[in-house]
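Remarks on the structure that follows.
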Amino acid sequence: MDEIIVLAEAPELEFDYLADFQQHKKVRQNLFYTMEGAETFYTYRGAELAEICSDDEWAFFARQPFWTAARRIAFVSLGCGNAGPEKPLLHATHAAGIPVAYFGVDSSRTMLKLAQQNLADEHFPRQFVLADILHSDFVDKLRPYLAGYDTQVYAMLGGTFGNFDQAVIAAALACIVPSGHYLYLDVVPQFETPDKNAQLRNRLRRLPQNLSLFFINLLERLCIDPAAGELIAEELYEADTDALRYVVSFRLHEALTFPCFSGVIHCAPGEAIELLNVRAYKPAALQSFMAGRGFRYLDTYIPDVGNLAHLWQRFLFQRQGMSD
Ligand SMILES: C[S@@+](CC[C@H](N)C(=O)[O-])C[C@H]1O[C@@H](n2cnc3c(N)ncnc32)[C@H](O)[C@@H]1O
18 MDEIIVLAEA PELEFDYLAD FQQHKKVRQN LFYTMEGAET FYTYRGAELA EICSDDEWAF
78 FARQPFWTAA RRIAFVSLGC GNAGPEKPLL HATHAAGIPV AYFGVDSSRT MLKLAQQNLA
138 DEHFPRQFVL ADILHSDFVD KLRPYLAGYD TQVYAMLGGT FGNFDQAVIA AALACIVPSG
198 HYLYLDVVPQ FETPDKNAQL RNRLRRLPQN LSLFFINLLE RLCIDPAAGE LIAEELYEAD
258 TDALRYVVSF RLHEALTFPC FSGVIHCAPG EAIELLNVRA YKPAALQSFM AGRGFRYLDT
318 YIPDVGNLAH LWQRFLFQRQ GMSD
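With my numbering applied, the sequence shown has no gaps in its numbers, which climb one by one up to 341 at the end.
Put into structure tokens, the structure is as follows:
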């Protein structure tokens with residue numbers, strides 16, 4: 018049950034990402050997590066996961082009418098990484114006699130291997146899927162594996178939703194989640210008080226400093242000399258989602274030519290390469306944005322995050338049918 022189902026081959030995925038990079042000078046966020054990028058990410062994320070209270074998540078799911086022993090449940094984690102965030106919930110669910118099966122989907126084979134190791138001692142059925150969730154054939158290739166599950170919960174955890182272009186990911190999710198089934202999103206919410214929000218904004222503006230290892234690792238894998246420029250973060254307001262968007266880029270001090278797959282990329286001094294997008298949401302605005310894309314809001318909670326500097330908020334939606 019532990020083999021990796023390959024819906025897209027790794028070389029093909031990397032070719033796509035690099036070709037895209039060559040054309041738009043924007044790094045698709047998948048590239049961060051391939052190869053040693055996966056381990057580097059968890060040097061930050063691992064400590065964060067240890068602070069987030071998993072009992073709150075179990076209590077949240079236990080109160081959902083569909084989370085019962087009478088249903089066969091598929092929990093599909095889109096961009097599952099090492100499966101760390103969902104592991105306690107799946108463990109508790111299985112221990113309570115609820116038949117849950119896990120599908121961890123990721124475009125990084127290294128991440129899927131970490132997820133396999135992380136879940137090695139667990140007893141619930143599981144499968145790992147190598148795929149790009151934005152590929153046009155992803156849905157058709159995934160569907161057969163999910164036939165026979167009464168309840169399908171599609172999760173995007175750890176801020177993954179907020180890294181994508183919002184119109185693109187919402188449209189993709191509307192295709193991925195079948196009508197009547199569920200979407201579970203984990204995002205960074207804005208605080209309600211202006212002073213706490215000011216602290217959050219300061220922190221997000223300092224992403225290049227706070228995650229420097231993560232960015233430098235990526236630049237090196239792209240054959241870009243980190244000394245040729247500087248990491249910068251820009252705060253933007255995004256009207257569609259009413260969210261704050263932080264764009265981390267690498268701004269070049271000098272002209273640079275570097276190899277990229279079968280070609281070379283030329284950048285002029287002052288040019289910026291977009292590396293990562295992170296968003297902080299207003300909960301009500303996110304609910305209404307998703308409602309406009311066919312997702313009915315059902316429930317939310319904020320887990321206890323111990324000593325973390327910002328909150329995480331989880332939202333549960335149900336995909337509307339054609340007739341809703
Ligand atoms: C921010 S990390 C979150 C990982 C994990 N869910 C967590 O919370 O620790 C995003 C994950 O999504 C994966 N990913 C990004 N874009 C993807 C895509 N288009 N298709 C499949 N996986 C993707 C990355 O490889 C990475 O593992």
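We put the CB at the ideal spot given by N, CA and C, even for glycine. This one's a predicted model, so the numbers in the text were calculated from it and none came from an experiment.
Beta-bridge pairing of residue i - partner residues as DSSP gives them
i	result
TYR403	Since the first residue of the chain shown is 18 and the last is 341, residue 403 is not available in this structure.
ALA113	In the DSSP output, where bridge partners are listed per residue, ALA113 has none listed.
ASN294	VAL264
ARG126	Partner(s): none; ARG126 has no beta bridge.
ARG143	TYR119
SER94	GLY121, ALA172
GLY4	No information on residue 4 is available, as it lies outside the stretch 18 to 341 that the chain covers here.
GLY246	LEU269
ILE21	PHE145
PHE352	A question about residue 352 goes unanswered here, because the residues of the chain that appear run from 18 up to 341.
Own chain, CB closer than 7 Å to residue i, minus 5 neighbours either side, in chain order
i	result
PRO195	GLN169, ARG336
LEU292	VAL44, PHE232, LEU235, VAL265, SER266, PHE267
PHE178	ILE186, LEU202, VAL204
ILE115	TRP84, THR85, ALA86, ILE90
HIS140	HIS111
LEU129	ILE21, GLY121, ASP123, PHE145, LEU147
PRO225	PHE232, LEU248, ILE249, ALA250, VAL265
LEU66	GLY101, PRO102
Any non-hydrogen atom of ligand 1 closer than 8 Å to residue i Cβ
i	result
CYS97	yes
MET52	no
ASN135	no
ARG62	yes
LEU151	yes
ALA67	no
GLN144	no
ALA188	no
ARG45	yes
PRO102	yes
ALA191	no
VAL205	no
SER124	yes
SER71	no
LEU174	yes
MET128	yes
PHE49	yes
ALA27	no
PHE77	no
PHE58	yes
ASN294	no
ALA297	no
ASN180	yes
9 Å Cβ cutoff met for residue i and residue j
i	j	result
LEU248	TYR61	no
LEU24	ALA188	no
ASP203	MET173	yes
PHE232	VAL265	yes
PRO320	ASP73	yes
LEU163	LEU136	no
VAL146	ILE21	yes
LEU159	PHE312	no
GLY165	PRO102	no
ILE282	GLN46	no
GLN304	TYR318	no
LEU131	TYR34	no
ASP257	GLN207	no
ALA27	ARG126	yes
ARG310	ARG262	no
LYS42	ALA250	no
PRO105	SER153	no
TYR298	ASP259	yes
CYS192	CYS240	no
ALA343	ALA113	Any question about residue 343 goes unanswered here, given that the chain covers just 18 to 341.
ASN180	ASN294	yes
TYR171	LEU190	yes
Same chain, Cβ closer than 6 Å to residue i, neighbours up to 5 away in sequence not counted
i	result
VAL19	The question names Val, but residue 19 in the sequence shown is Asp. Same-chain partners within the cutoff: GLN133.
THR346	This structure cannot speak to residue 346, because the chain is shown only from 18 to 341.
LEU48	TYR34
PHE332	LEU202, THR317
Sequence-distant residues of the same chain with beta carbon closer than 8 Å to residue i, five excluded per side
i	result
GLY197	GLN335, ARG336, GLY338
ALA245	LEU269, HIS270, GLU271, LEU273
ILE69	PRO102, PRO320, ASP321, VAL322, GLY323, LEU325, TRP329
ALA302	THR258, ASP259, ALA260
Quick test of the definition: if touching needs 3 or more C-beta pairs under 8 Å, does the stretch 311-327 touch the stretch 214-221?
yes
Does the stretch 115-126 come into contact with the stretch 95-106, if we say contact requires no fewer than three beta-carbon pairs (one atom in each stretch) closer than 8 Å?
yes
*asked:* Using 8 Å as the cut-off, can you tell me whether the stretch 68-86 makes contact with the stretch 42-55, which would need three or more C-beta pairs spanning the two stretches below that distance?
replied: no
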